[in-house]
Structures are given as C-alpha cells and as structure tokens.
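With our numbering applied, the sequence shown covers 148 to 593.
Backbone N, C-alpha and C define an ideal beta-carbon position, used for all residues, glycine too.
Everything on this sheet refers to the single structure shown next.
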Amino acid sequence: MRERDPGRTVLRFRRRRDLPRARGRRLVAILAGSIAMAALAGFAVAWRPALPIVAPRPGSSFDLAGVERGAVLARLGDCAVCHTASGGAAYAGGRPIHTPFGTLYASNITPDPESGIGRWSQRAFDRAMRRGVARDGSLLYPAFPFTHYTGLADRDLGDLYAFLMTRTPVAAARPDNRLVFPLGFRPLMAGWDLLFFRPGRTAADPARTPDWNRGRYLAESLSHCGACHTPRNLLGAEERGHAYAGGWSDGWYAPPLDASSPARRAWTADRLFAYLRTGLDRSHAAAAGPMGPVAYQLARVPDADVRAIAVYVAFLMARPAGDPAQEPERTAEADASQPEGAALFAGACASCHGAGAPMMLAGRPALALGTPLHEHDPRDVIEIVLQGLNPPTGAAGPYMPAFGDSLTDGQVAAVVAYLRARYGGGPAWPDLPHAVRTARRQGSGA
Ligand code: HEC
Ligand code: HEC
Ligand code: HEC
Numbered sequence: 148m149r150e151r152d153p154g155r156t157v158l159r160f161r162r163r164r165d166l167p168r169a170r171g172r173r174l175v176a177i178l179a180g181s182i183a184m185a186a187l188a189g190f191a192v193a194w195r196p197a198l199p200i201v202a203p204r205p206g207s208s209f210d211l212a213g214v215e216r217g218a219v220l221a222r223l224g225d226c227a228v229c230h231t232a233s234g235g236a237a238y239a240g241g242r243p244i245h246t247p248f249g250t251l252y253a254s255n256i257t258p259d260p261e262s263g264i265g266r267w268s269q270r271a272f273d274r275a276m277r278r279g280v281a282r283d284g285s286l287l288y289p290a291f292p293f294t295h296y297t298g299l300a301d302r303d304l305g306d307l308y309a310f311l312m313t314r315t316p317v318a319a320a321r322p323d324n325r326l327v328f329p330l331g332f333r334p335l336m337a338g339w340d341l342l343f344f345r346p347g348r349t350a351a352d353p354a355r356t357p358d359w360n361r362g363r364y365l366a367e368s369l370s371h372c373g374a375c376h377t378p379r380n381l382l383g384a385e386e387r388g389h390a391y392a393g394g395w396s397d398g399w400y401a402p403p404l405d406a407s408s409p410a411r412r413a414w415t416a417d418r419l420f421a422y423l424r425t426g427l428d429r430s431h432a433a434a435a436g437p438m439g440p441v442a443y444q445l446a447r448v449p450d451a452d453v454r455a456i457a458v459y460v461a462f463l464m465a466r467p468a469g470d471p472a473q474e475p476e477r478t479a480e481a482d483a484s485q486p487e488g489a490a491l492f493a494g495a496c497a498s499c500h501g502a503g504a505p506m507m508l509a510g511r512p513a514l515a516l517g518t519p520l521h522e523h524d525p526r527d528v529i530e531i532v533l534q535g536l537n538p539p540t541g542a543a544g545p546y547m548p549a550f551g552d553s554l555t556d557g558q559v560a561a562v563v564a565y566l567r568a569r570y571g572g573g574p575a576w577p578d579l580p581h582a583v584r585t586a587r588r589q590g591s592g593a
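Dropping the structure here:
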C-alpha cells in the first residue's frame, strides 16, 4: 500500500485555508511559468498551420451505425457536460469552466458553419482532439481534456465526428474567456504543451484481460477520470507521478482512486459498477457535485463499458486487506461536544439521515460510510450541505435539499463539525467557519 504523502496534504490544506498567500504564490508561478512557456514556445514552432475549411457534409452521408456509436462515445467522454450551457442547446457551448487561471467558455461543437465546427474536416477534428490545436491553428487550453483524448483510437474519432456533424447546427457565439494575464495569449500554450503534454496512445497490455484493457482505455482517454481525480501542479498540469491521488474540480475535492483512498469500505468492481452506473452505491454513498453528471452519462452507455471501467478502477484502488474495520458511531460524544450541531442535525437532517428514518429503512447508505466524512479536507461535506444533491434534469437520482439559503455559515460549520465528530474518521477539521465562507465565495460562480 502506498503511504499518503503528508507534504502534499499540508500543501492542499494551505491552499484552501490560506487563500491570499496561495493566490499570490500561484500568480508568481503563473508569471514565472509563462516566461518559461514563452521561451519554450519560441523554440517549439509556436504556431500550427490552419487546416482548410471544407463544405459541410450532409448528415445522410454518414453511416448510421457510426453515428450511434458516436452518441455512446460522447456520453462516455462527457462532451455534453462541458459543451452545453445551463438552459442552452446541447453542444452549442458557452458553459463557463472555472479554473484557478480564470474562466473559460466551452466552444460550440455543433455543425454550425460559422460559430460551430461545421466546416471542420475529420482531420481538423482529429488534430483538435489529439493535439489540442483548433482548425485555424490556434492552440487550445487544457481545460479541454485533449491531454486525455490524445489516446483515442481512429475509429472512435471517426464515430464522434459523425455524431457531432449530424447534430442540429446551432448558431451561438461563445463569450470571451477571462483568464489571468498573460494566459489569454494562446501561443504560450506551445510552451505548456512542450513541458507537460505527452501525445499518443497507450498500447494494450497483453498480460491483462480484455475488460481491464478496455477499462484502462476508457478511463485514461475518453472518460478522463484523472482530469479531476489527479492533483495538478501550479501550472494546472496533472502530476504524472501521483495519478489518481485525489484532485480538485470546480471547488469539490475528487477523492483518490488509488490505494490511498480514505473510503471506509473497499471499492470492488461490483461496488464501482453500481456507483458509476446509478450514481449511488449502497455500501458507500451517492455521487455528488461534479461526479453527478459523470454518473448520469454513464447510466446511458452499455453495461460492458461501465463494467470495464469498474474493473480497471478496482485494480487501481486495490488494497490488500479488503474492508477496513468499522469504527463505531460516536453519537453520545458528538452530542455532548457539539450541542449546536446536534440540535441542527436533529431538526434539519434526521428526518432523512437518522436511524429509523424511512430513507434509511429503504436501504440508503449510512452517513458513516460515505467517503467525504473521512477526507482530509471538509470541502465535499460543506458543498453537499450547501448545494444538496440535484440529479440532472430528468434523472431519478437521489435528492437532498440544498441548505445554503436556510443555514448561516456558522450553522453549516456546526453541523459539519458534528457529522465529523459523530461519523467521521480522523481529527476534527480545523477552522470550519472559514472553510464554509471560502466555499460560498468560490462556489457561487457556477
Ligand atoms: C472538461 C470540459 C470539457 C469536456 C469534457 C469536453 N470539452 Fe471540448 N472543449 C472544452 C473547452 C473549455 C474548449 C475550449 C478550449 C479553448 O478555448 O482553448 C473545448 C474545445 C473543444 C473543441 C475545439 C473547438 C473549437 O472551436 O476550437 C472540440 C472539437 C471539442 N472541444 C470537442 C469535444 C468532444 C468531442 C468532447 C467529448 C469527447 C469534448 N470536447 C469534451 C471543454 C470540454
Ligand atoms: C468532472 C470531475 C470528475 C470526473 C471527470 C470524474 N470524477 Fe469521480 N468524482 C469527482 C468528485 C468531485 C467526487 C466526489 C463526489 C462526492 O463527494 O460525492 C468524485 C467521486 C468519485 C468516486 C467516489 C469515491 C469515494 O471514495 O467516495 C468514484 C469511485 C469516482 N469518482 C470514480 C470516477 C471515475 C471512474 C471516473 C471516470 C469514469 C470519474 N470519477 C470521473 C469528480 C470527477
Ligand atoms: C430529504 C432528505 C434529506 C435531508 C433532509 C438531508 N439529506 Fe443528506 N442526503 C440525502 C440523500 C438522498 C443523500 C444521498 C444518499 C447518501 O449519500 O447517503 C444524502 C447525502 C448526504 C451526504 C453525503 C453522504 C456521503 O458521505 O457521501 C451528507 C454529508 C449529507 N447528506 C448531509 C446532510 C445534512 C448535514 C443534512 C441536514 C442539514 C442533510 N443531509 C439533510 C437526503 C437528505
């Protein structure tokens, strides 16, 4: 089993709790990094050629089976999650993506000839997906996970292209990005690519099963699990040496998907399958925050693909000893040490989460089993209380009301401290009121 690296944990804590200093450090890193990137960009050919525009192809010229396969691949790749603005037309872009470097807007990838990709050839599309270069030769930012899509097979790119080119064209210009200086200057990305981007596919491992290989292909490339679950360096690149060791996405902590997972029950392939497929696994918890849409997409792809991802991720998470011993709930101690949180819990939460509540009797997981209460950072629990659980439109997923409007910062901090004391492992989270304020400030941008 790999030990958690305490140095990194402290860094993350500091990053959250000591924001002004962390922000200053990040700006210095961005400036220093940009200078290095500019120098490298000068060496690397800082521009790529524009590829010729092509006449939009009629939808009927695409093979229907390929379009259908492309629809499944688009769900596995979460294309609609990023490329659809809230309330906007599917794939027409405009959704803001919040990063530590500012806000980017996803492009319009419908086949509209002007504002979309209607005049892109297959070759231009492949280059964007595999190299992060737009048709006109400009370099794309890695908020678009081309660093993962680079591993896609030719046939899958053909099917994705066929699927997108047969959508309804929507004319929609995207808003301008708002990035910190000087990152708005795209040629700098040539330096970033040189430093951090490793294009190309991973060969199948003949020593492993076909399921494992399929799962690795999907998880590493199309489904880009590491884009959220791997920590990133100060210039926003995934840390290769710590793949799946836990990362951040839109203010949420995406817990480790490796042996260092703090989950109270071992994640087996069966449990992962249930969680990824339905957004709820009874031996753990529901998929909240940015994981919700991922599970929502995975509910609509063939069983075999989700099973393959589950097999591969179970391999990544394998721990020698199976389920760790369960700690007893510390109800009496928590009631005594956190009276305000205990009263809030009894009033606002126990109707669903209390022992004997109808929801619990229906077989919902106990709060003690969810990973968030065992993480080193309280952010996920705070976000769940503030935002609740909202299944994406039309999905019959687990629902929990948002308490952001009805509870004050102090009350959220009190109930979170109570949950940690009663159900959580590990020491009390320090300075929760500050963490709640930070979450409110950062989370409101969505
Ligand atoms: C995590 C969010 C995210 C996901 C998931 C995502 N994209 Fe994007 N995509 C973006 C962003 C942001 C941009 C714009 C990048 C830029 O401006 O440099 C983009 C740009 C693109 C472009 C270039 C368009 C242009 O006009 O330059 C293409 C093509 C594209 N995406 C296709 C896809 C496909 C196909 C999928 C699914 C397999 C997908 N994207 C999934 C965020 C995402
Ligand atoms: C857009 C970001 C994002 C992507 C992409 C993503 N995840 Fe997650 N994932 C999260 C976040 C955030 C959480 C924590 C959610 C919560 O607290 O309920 C999470 C939670 C999980 C958990 C629960 C872990 C635990 O111990 O509770 C599993 C398992 C998981 N993700 C697997 C995957 C797999 C497999 C993929 C790729 C198919 C994936 N995730 C892609 C953001 C993401
Ligand atoms: C209307 C029912 C309902 C109420 C009221 C409710 N919840 Fe939930 N909550 C749920 C459901 C459903 C889930 C998802 C299933 C699960 O993860 O156990 C959930 C999940 C959670 C989780 C994530 C579990 C995990 O560890 O991943 C936390 C934390 C949580 N609730 C805290 C609270 C707190 C604190 C309150 C009161 C302020 C509260 N809930 C009130 C229904 C409710």
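Measuring alpha carbon to alpha carbon, tell me which of the options ends up nearest residue i.
{"i": "S498", "options": "P548, M464, N537", "result": "P548"}
{"i": "V214", "options": "A237, P260, P329, L311", "result": "L311"}
{"i": "G383", "options": "L365, D358, L330", "result": "L330"}
{"i": "D210", "options": "G263, Y308, G544", "result": "Y308"}
{"i": "A560", "options": "P538, A183, R587", "result": "R587"}
{"i": "Q269", "options": "V327, Y565, A202", "result": "A202"}
{"i": "G488", "options": "A300, C372, A564", "result": "A564"}
{"i": "V606", "options": "G189, S181, V228", "result": "Since the first residue shown for the chain is 148 and the last is 593, residue 606 is missing from the structure and cannot be characterised."}
{"i": "R454", "options": "G171, F420, D578", "result": "F420"}
{"i": "R172", "options": "Y391, A221, A212, N380", "result": "N380"}
{"i": "I182", "options": "A350, F328, Y238, S285", "result": "F328"}
{"i": "R302", "options": "T377, R278, D273", "result": "D273"}
{"i": "P525", "options": "Q485, A221, R584", "result": "R584"}
{"i": "A433", "options": "W267, A281, A515, S207", "result": "A515"}
{"i": "D323", "options": "G426, A275, P243, P196", "result": "P243"}
Which partner residues does residue i have in the DSSP bridge list?
{"i": "V280", "result": "L286"}
{"i": "R325", "result": "T250"}
{"i": "P243", "result": "Y252"}
{"i": "G488", "result": "Per DSSP, none; premise fails for G488."}
{"i": "W395", "result": "Y400"}
{"i": "L536", "result": "M547"}
{"i": "L427", "result": "A433"}
{"i": "E385", "result": "R379"}
Please indicate yes or no: does the CB of residue i lie closer than 7 Å to some heavy atom of ligand 3?
{"i": "S498", "result": "yes"}
{"i": "A433", "result": "yes"}
{"i": "L251", "result": "no"}
{"i": "M438", "result": "no"}
{"i": "F550", "result": "yes"}
{"i": "V532", "result": "yes"}
{"i": "P467", "result": "no"}
{"i": "G517", "result": "yes"}
{"i": "L579", "result": "no"}
{"i": "Y443", "result": "no"}
{"i": "V583", "result": "no"}
{"i": "A495", "result": "yes"}
Please find out if some non-hydrogen atom of ligand 1 comes closer than 7 Å to the beta-carbon of residue i.
{"i": "H376", "result": "no"}
{"i": "P292", "result": "yes"}
{"i": "S268", "result": "no"}
{"i": "V228", "result": "yes"}
{"i": "Y565", "result": "no"}
{"i": "A300", "result": "no"}
{"i": "G224", "result": "yes"}
{"i": "F272", "result": "yes"}
{"i": "L119", "result": "Limits of the chain in this structure are 148 at one end and 593 at the other, which puts residue 119 out of reach."}
What I want to know is whether the C-beta of residue i ends up closer than 7 Å to one or more non-hydrogen atoms of ligand 2.
{"i": "P512", "result": "no"}
{"i": "A218", "result": "no"}
{"i": "V460", "result": "yes"}
{"i": "Y422", "result": "yes"}
{"i": "T425", "result": "no"}
{"i": "A366", "result": "yes"}
{"i": "W594", "result": "Here the chain covers residues 148 to 593 and nothing more, so residue 594 does not appear."}
{"i": "W576", "result": "no"}
{"i": "D527", "result": "yes"}
>> Contact between the region 313-323 and the region 355-370 is defined here as three or more beta-carbon pairs at a separation below 8 Å; is this criterion met?
In response: Too few Cβ pairs lie closer than 8 Å, so no.
> Along the chain, which unbroken stretches of the beta strand (DSSP E) at least 3 residues long are found entirely within the region 204-237?
Replying inline: The region 204-237 contains no whole beta strand (DSSP E) run of 3 or more residues.
>> Tell me whether the region 443-450 and the region 458-478 touch, counting them as touching only if at least three CB pairs, one residue from each stretch, are closer than 8 Å.
In response: As far as the Cβ criterion goes, the region 443-450 does not touch the region 458-478, which means the pair count is below three.
>> Quick test of the definition: if touching needs 3 or more C-beta pairs under 8 Å, does the region 340-357 touch the region 277-296?
In response: Because the criterion of three Cβ pairs below 8 Å is met, the region 340-357 and the region 277-296 touch.
> Does the region 516-531 come within contact of the region 560-572, defined as at least 3 CB pairs closer than 8 Å?
Replying inline: Taking 8 Å as the limit for Cβ pairs, the verdict is that the region 560-572 does touch the region 516-531.
> At a cut of 8 Å, does the region 255-272 reach the region 397-414 through at least three beta carbon pairs?
Replying inline: In short, these stretches do not touch, since the Cβ pair count stays below three.
>> Quick check on the DSSP output: what are the complete alpha helix (DSSP H) runs of length 4 or more inside the region 341-369, in order along the chain?
In response: Segments of the alpha helix (DSSP H) lying fully in the region 341-369: 357-364.
> Is the number of C-beta pairs between the region 463-482 and the region 412-431 that are closer than 8 Å three or more?
Replying inline: Cβ pair count under 8 Å is three or more, so yes.
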